[in-house]
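Here it is, written out as structure tokens:
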């Protein structure tokens, strides 16, 4: 009976830890007017406002850096050539999007 109770308590603790975990989401799209928009947040509904977004060319040169606004969005001029857009959501939460994947 004690073992069953311990297993039940451990299961609840493990599930509670999983429920508190969250992942970052990030997407970018072409506005068709020479600009791109990106949006980021966390799967638990938390805002990613203030998170840094960096745009680098294929050589790693920084082309643009900005922060997500209160809505978790950012708009910027589309660079020419190939580039990557990186969201740094802190605590190991980063997402990299290739320009080839932005539609």
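Residue numbers (my numbering): 3 to 105.
Where is the CB? At the ideal position from N, CA and C, for every residue including glycine.
Partner residues in the beta bridge of residue 56, as assigned by DSSP, are 67, 88.
About 5 Å separates the CB atoms of residue 57 and residue 65; that is less than 8 Å, so the two are in contact. Closest in C-alpha terms to residue 88, from the list 97, 82, 81, comes 97. Following the DSSP letters along the chain, one finds residue 42 inside the beta strand (DSSP E) bounded by residues 37-44.
Beta bridge pairing from DSSP links residue 98 with 88. By the Cβ-count criterion, residue 42 is buried, with 16 or more other Cβ atoms from all chains shown falling within 10 Å of its own Cβ.
Within the DSSP bridge table, the entry for residue 49 names 43 as partners. Beyond the five residues adjoining it in sequence on each side, residue 76 comes within less than 6 Å, by CB distance, of 40, 55, 68, 70 in the same chain, given in chain order.
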